[in-house]
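Enquirer:
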Amino acid sequence: MNVKALTAFVQVAEQKHFGRAAENLNMTQSGLSQLIKNLEHTVGAKLLARTTRSVALTDVGEIFLENARELLQAHRLAEQKMSNVLRGEEGTVRLGFVASAALGVIPRLAAAVSEQAPGIKLSLVEMTSEEQIPRLKAGDIDVGVVREIREAPGLVIRPLLSEPLLLALHHSHPLARLSSVDLAEIRHEGFIMFPRTKVSYLHDHIYRLCNSVGFTPQVVQQAVQFATILGLVSSNAGIAIVPQSLTAIQLPNVSFLPLSHRDAISEIYIARRLDERASPAAKKLVEIAILGESRFSLEAEAHHNTAAPIPRR
Numbered sequence: 529m530n531v532k533a534l535t536a537f538v539q540v541a542e543q544k545h546f547g548r549a550a551e552n553l554n555m556t557q558s559g560l561s562q563l564i565k566n567l568e569h570t571v572g573a574k575l576l577a578r579t580t581r582s583v584a585l586t587d588v589g590e591i592f593l594e595n596a597r598e599l600l601q602a603h604r605l606a607e608q609k610m611s612n613v614l615r616g617e618e619g620t621v622r623l624g625f626v627a628s629a630a631l632g633v634i635p636r637l638a639a640a641v642s643e644q645a646p647g648i649k650l651s652l653v654e655m656t657s658e659e660q661i662p663r664l665k666a667g668d669i670d671v672g673v674v675r676e677i678r679e680a681p682g683l684v685i686r687p688l689l690s691e692p693l694l695l696a697l698h699h700s701h702p703l704a705r706l707s708s709v710d711l712a713e714i715r716h717e718g719f720i721m722f723p724r725t726k727v728s729y730l731h732d733h734i735y736r737l738c739n740s741v742g743f744t745p746q747v748v749q750q751a752v753q754f755a756t757i758l759g760l761v762s763s764n765a766g767i768a769i770v771p772q773s774l775t776a777i778q779l780p781n782v783s784f785l786p787l788s789h790r791d792a793i794s795e796i797y798i799a800r801r802l803d804e805r806a807s808p809a810a811k812k813l814v815e816i817a818i819l820g821e822s823r824f825s826l827e828a829e830a831h832h833n834t835a836a837p838i839p840r841r
């Protein structure tokens, strides 16, 4: 029993005529007749009652017709599903992401996937950049959104977004009145920092920025969660250098100011496995992410050029 035989049987049953069915199937009448005979042999029962002028379904044929249609529909659906999978339009993608990406990149990506490839289901796992690289190589996750890029053989790593680093400080701080802040102006401030053991990239990057203008941050508090860091800023426990995406966290008494240093940015990357085990859906997700963030950056730049930034307090 195969798709060709089932299709032939359904055609004959619907046309009630071998000649018309053969014409629709683009085959000879004798070839069609042989297909039906072979199908009846496989089923073990007569499916069609033939006369010189007509063709009718037997009782068994009536029942089998319904089953044949269901099987053909299931086959069409399976073909369509496989086609979607191979085009990367369907499948589950296990997506690792750094916490700050949840405030911008991930919501935008989820919305773009829902619109452009609704057959892709995202399984989201928050983890640090350091945790994601080995998990990607092991196949525990399919795609990773990371802040840190290192040598990673076996992975495809693409730039996704250049995110400015901002100074977060209490709104009563004298510097909060400025439109931007030079790093040297915060050399004597108490810093609220990410612990190096948990967020090494941002920790080290902030230290490099401060060292580049001749000082080492005076750390007064450490916290892993971004909301905790901003909470400490809100309570006037110190200042913090944070990714721009954190402006989405609404806390009272916190102002965000640009830093006037060319390296006061944090790069976000998207990574997947290089080998043949990378699913089409994972590749499609990376394409959607890169295109979406490119558009977002252009829109943000256009908005920046037409509107003066107002510090939030």
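Residue numbers for the sequence shown follow my numbering, so the first one is 529 and each next one is one higher.
Note that beta-carbon positions come from the ideal geometry of N, C-alpha and C, so glycine has one too.
1. With which residues is Tyr797 paired in a DSSP beta bridge?
2. Please return the same chain residues whose Cβ sits closer than 8 angstroms to the Cβ of Met529, not counting the five positions on each side in sequence.
3. Just tell me which of Phe592, Leu697, Glu658 has its CA closest to the CA of Arg678.
4. Say yes only if the C-beta of Gly616 is nearer than 8 angstroms to one or more non-hydrogen atoms of the ligand ATP, and no if none qualify.
5. Threshold first: 3 residues or longer. Then list the beta strand (DSSP E) segments lying entirely within the segment 690-727, N to C.
6. For the segment 616-634 against the segment 783-792, do three or more pairs of beta-carbon atoms, one drawn from each stretch, fall closer than 8 angstroms, so that the two count as touching?
7. Tell me the residue span of the alpha helix (DSSP H) that contains Lys665.
8. Leu760 to Lys665, Cα distance in whole Å?
9. Roughly how many angstroms lie between the CA atoms of Phe722 and Leu637, to the nearest whole one?
10. Can you find the residues in the same chain that come closer than 8 angstroms, C-beta to C-beta, to Gln557, ignoring five residues on each side of it along the sequence?
11. Give a yes or no on contact between the segment 788-805 and the segment 685-696, applying the rule of three or more CB pairs nearer than 8 angstroms.
12. Between the segment 766-784 and the segment 700-711, are three or more C-beta pairs nearer than 8 angstroms?
13. Could you work out which residue in Val674, Ile661, Arg615 is closest to Gly647 when comparing CA atoms only?
14. Which class does Ala680 belong to by DSSP, given the choice of helix, strand or coil?
15. If distances are taken between C-alpha atoms only, which option among Thr586, Ile767, Ser561, Thr579 comes closest to Leu697?
16. Could you say which of Ala640, Ala755, Ala806 lies nearest to Leu819 if we only look at CA atoms?
17. Count the CB pairs spanning the segment 587-596 and the segment 534-541 that are closer than 8 angstroms, and state whether there are at least three.
18. Taking 9 angstroms as the threshold (C-beta atoms), are Ala751 and Leu779 in contact?
19. Across which residues does DSSP place Phe625 in a beta bridge pair?
20. Leaving aside the five residues before and after Pro771 along the sequence, list all residues of the same chain whose C-beta is less than 7 angstroms from its C-beta, in chain order.
21. Compare the C-alpha of Ala630 against each of Ile816, His789, Gln753, Arg663 and name the closest.
22. Can you check which of these residues, Gly619, Lys544, Ala602, is closest to Leu813 by C-alpha distance?
23. Roughly how many angstroms separate the alpha carbons of Ala817 and Phe824, rounded to a whole number?
24. CA-CA distance, Ala602 and Glu594?
25. Could you tell me if Arg578 is buried or exposed, where buried requires 16 or more neighbouring beta carbons within 10 angstroms of its beta carbon?
26. Can you give the beta carbon distance from Phe719 to Val747, rounded, assuming they're within the 8 angstroms contact cut?
27. Provide the residue span of the beta strand (DSSP E) that contains Leu585, from first to last.
28. May I ask you to report which of helix, strand or coil DSSP gives Leu785?
29. CA-CA distance, Val684 and Arg801?
30. Closer than 6 angstroms by C-beta to Ile734: which residues in its own chain qualify, once you throw out the five before and the five after it? Chain order, please.
Expert: Judging by the given coordinates:
1. Val674, Pro687
2. Leu567, Thr570, Val571
3. Glu658
4. You won't find the ligand ATP in this model; it holds no ligand whatsoever.
5. 718-721
6. no
7. 657-666
8. 37 angstroms
9. 26 angstroms
10. Phe546, Gly547, Ala550
11. yes
12. yes
13. Arg615
14. coil
15. Ile767
16. Ala640
17. yes
18. no
19. Glu654, Val673
20. Ser628, Glu691, Leu693, Ser794
21. Gln753
22. Gly619
23. 10 angstroms
24. 12 angstroms
25. exposed
26. 5 angstroms
27. 583-585
28. strand
29. 6 angstroms
30. Ile769
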